[in-house]
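What follows is a single structure, written as structure tokens, with notes after it.
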Amino acid sequence: MTRRRRARRRGCHVETVPGGRLALRFVLDVPGLGRKRVKETTALDAANPEHTDRVNRLADVIGAEIRNGTFDYVRHFPNGKWVPYFRPGQIPDRDPELVAGATTPTVGDWYVIWMARLNVPGVRVSRLRDYGSHWPNYLRDEIGHLPLTKAGTFAVLADLQATLRRRPSRRNNTLTEHTVKNVIGGTLRAMLRDAQKAHPVLNIAFEFDQLDWQRTEFRGGTPFSEEERDRLLRYYAAKRWKLPGGGTRLHYPYYAFLHALFHCWMRPSEAAALRVRDFDAGNRTLTIARSRHLGHEMATKNPTSQRTVRLSNTDVRVLEPLVALHAKPDDYLFRGVAGAPIDPAQFYEPFCAAQRVLKMTLRDLYSTKDTCISIALTKGVNLTWISRQTGVSEFTIRRNYAGRLDEPEWDEREFAKLEEPARPTTEIGPIALESGRITPSYPPGDTDDDEALVIPEAYERPRRDLNPEGNGENASLCVGRCGWICLDRAPVCHRWPKRPGVSGTSRDSRDLAN
């Protein structure tokens, strides 16, 4: 018995919105946007039976026209917010609500128009993906009904922040502070900022700076060691890949792509966008001008990322076989087994599988660039040269990559510099020189009698100026009980008075024995 397919419901129904007004809900085919769920709020009161009957009759008419394919949105709602999409012209500079003189639009009303304006060439697909994910999951139910002028107040933002911090994620735990900050400080902030630019007449509150954020964990780079890097490259050189039509074979571009990530100072998205014309084997350079992510190619992440990368002789030998005999300048340099350009998102899964096979700690594909930078810093490569190669500022390199690579040999070599052998202790009368320190040393049973001090005959005072601002040219070690360095030329203790009969001008320790 075959299962009967459920018919798609196509019609219009009536509901009551907050405030007691009646609204019509139906599904509309919007040009350029596809099927959208539409809510048109009327000025009729739900408590009035006549108004209710009137709206119900209109809902029956709209439902019948939708099922028959004759529904005309502009005829029923000439001032509706979806009217610009049915007109030949593009989206107007002002919202339909403002043009019609209606009340201030809500955040949900502005979101529809805002996303339509962003969905144009030149906007990163990853940004549209984040905006489209944050709105239905975190923002629509919380602030979608609020006017634009109130959505940016501190009270609304603080309440939204507290709500999102308590909300469970897909893993049955609360959202991270990083996610909450991206939703509020990224998506919502950009939405209200663009709304204020499009409608200067609206006095939209913008109190995001008053929010307090918790300190998030910062891990920095996660590089591979040189031994792990070489193991991964050998694995890719010997790996056989499945072909679309069946069978397996070696695929050299996968190995070359991973080699470029480990050695050529590039992000995965930058390497995926390289064309044949960007590779200059004669001058040993690669020109980085674009990035490819989620199947779309755009400019680099920031202007400083547009750069020329210098290659070593080994890098050139690895990349030269990628240029076919009949290659064209616009052909992609790295291609998959099916002939399409390599997508970093699809390359990520085999990369993790290779680490599991080799029993390594799992790291992200971006760790290949961390490895390249960390190994260079470990070997003492010039920091300014690394910054030019990577397009990353020197401050970011010091903060994220310096000291991230764990090399036992390097650690032992540096610790050896700190652990100098201790110098032997030398007894010089009442003074002991131990590891460069000067400490008093007294014979057993010593008393206050100065005559008990024994000064060896071979004692020589250092003849150097220890106090440039003092009175004497050559200061001497104190021969008294204190063990201090006397700044006077007299070879007596500066804390005890001179003994009778001892000359204060003698320059030899043997004078004290007289």
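For the sequence shown, this note's numbering begins at -2 and goes up steadily by one. Beta carbons are placed, not taken as given, at the ideal position from N, Cα and C, and that holds for glycine. Computed from a predicted model, the values in this text were never measured in an experiment.
| Asked | Found |
| --- | --- |
| In the structure shown, what three-state DSSP assignment does G119 receive? | coil |
| So, P326 versus V378, is the Cβ gap smaller than 8 Å? | no |
| Can you name the start and end residues of the alpha helix (DSSP H) that M263 belongs to? | Neither: M263 is in no alpha helix (DSSP H) and is coded neither H nor E. |
| With a 10 Å radius around its C-beta and 16 neighbouring C-beta atoms as the bar for buried, classify P220 as buried or exposed. | buried |
| Can you tell me where the beta strand (DSSP E) holding I285 begins and where it ends? | T282 to I285 |
| Going by the DSSP bridge assignment, what does Y329 pair with across the sheet? | R272 |
| Using the three-state DSSP reduction, which class does R385 fall into: helix, strand or coil? | helix |
| At 3 residues or longer, what runs of the beta strand (DSSP E) sit wholly inside the stretch 196 to 243? | 237 to 239 |
| If L291 and S123 are in contact, beta carbons under 8 Å, what's the gap, nearest whole angstrom? | 6 Å |
| Compare the Cα-Cα distances from T103 to each of P265, E346, V320 and I140 and report the closest residue. | I140 |
| Give the list of continuous alpha helix (DSSP H) stretches no shorter than 4 residues that lie fully inside the stretch 125 to 196. | 137 to 140, 151 to 163, 174 to 179 and 186 to 195 |
| Quick check on this structure: which residue in A159, L283 and R18 has the alpha carbon closest to the alpha carbon of Q528? | With the chain represented from -2 up to 511, any question about residue 528 goes unanswered, as that position is not in the structure. |
| Around the Cβ of F331, are there at least 16 other Cβ atoms within 10 angstroms (buried) or fewer (exposed)? | buried |
| Determine the contact status of D367 and G182, defining contact as a CB-CB distance below 8 Å. | no |
| With 16 other CB atoms within 10 Å as the buried threshold, where does H260 fall? | buried |
| Leaving out five residues on either side along the sequence, give the residues of the same chain with a beta carbon under 7 Å from the beta carbon of P165. | T171 |
| Considering only the beta carbon of each residue, do A20 and T39 sit closer than 8 Å? | yes |
| Alpha carbon to alpha carbon, what distance is there between F344 and D227? | 18 Å |
| Measure the alpha-carbon distance for P75 versus L25 and round it to whole angstroms. | 15 Å |
| What is the DSSP secondary structure of T502, counted as helix, strand or coil? | Confidence at T502 is low in this model, with a pLDDT of 42, below 50, so its placement is unreliable and the value that follows should be read with caution. Of the three classes helix, strand and coil, the one that applies to T502 here is coil, per DSSP. |
| May I ask you to report which of helix, strand or coil DSSP gives P28? | coil |
| Please state whether the Cβ-Cβ distance between Q303 and A278 is less than 8 Å. | no |
| Quick one: Cα of R360 to Cα of S222, how far? | 12 Å |
| Going along the chain, which residues of its own chain have a beta-carbon closer than 7 Å to the beta-carbon of I394, five neighbours each way excluded? | I370, L380, I383 and S384 |
| Taking 7 Å as the cut-off, is the CB of E204 close to at least one heavy atom of the ligand SAH? | For the ligand SAH, the structure offers nothing, since it holds no ligand at all. |
| Thinking C-beta only, is A268 closer than 8 Å to F254? | yes |
| Mark G149 as exposed unless 16 or more other C-beta atoms lie within 10 angstroms of its C-beta, in which case mark it buried. | buried |
| Pull up the DSSP beta-bridge partners for D42, would you. | R18 |
| Leaving aside the five residues before and after A43 along the sequence, list all residues of the same chain whose C-beta is less than 6 Å from its C-beta, in chain order. | T13, G17 and L19 |
| With 16 as the cutoff for other CB atoms within 10 Å, does Y233 come out buried or exposed? | buried |
| Indicate the three-state DSSP secondary structure (helix, strand or coil) for A449 in the structure shown. | Only weak support exists for where A449 lies, its pLDDT of 42 falling under 50; the coordinates are left without a value. |
| Where does the unbroken alpha helix (DSSP H) through L247 begin, and where does it stop? | Taken as a continuous stretch (DSSP letters only), L247 belongs to no alpha helix (DSSP H), being part of the beta strand (DSSP E) at T245 to L247. |
| Cα-Cα, which of L125, N299, L55 and T245 is closest to C9? | L55 |
| Exposed or buried, which one is G388 when buried takes at least 16 other CB atoms within 10 Å? | buried |
| Might you give, ordered along the chain, the residues of its own chain that have their beta carbon closer than 8 Å to the beta carbon of A192, omitting 5 neighbours on each side? | W107, W111, L145, L199 and I201 |
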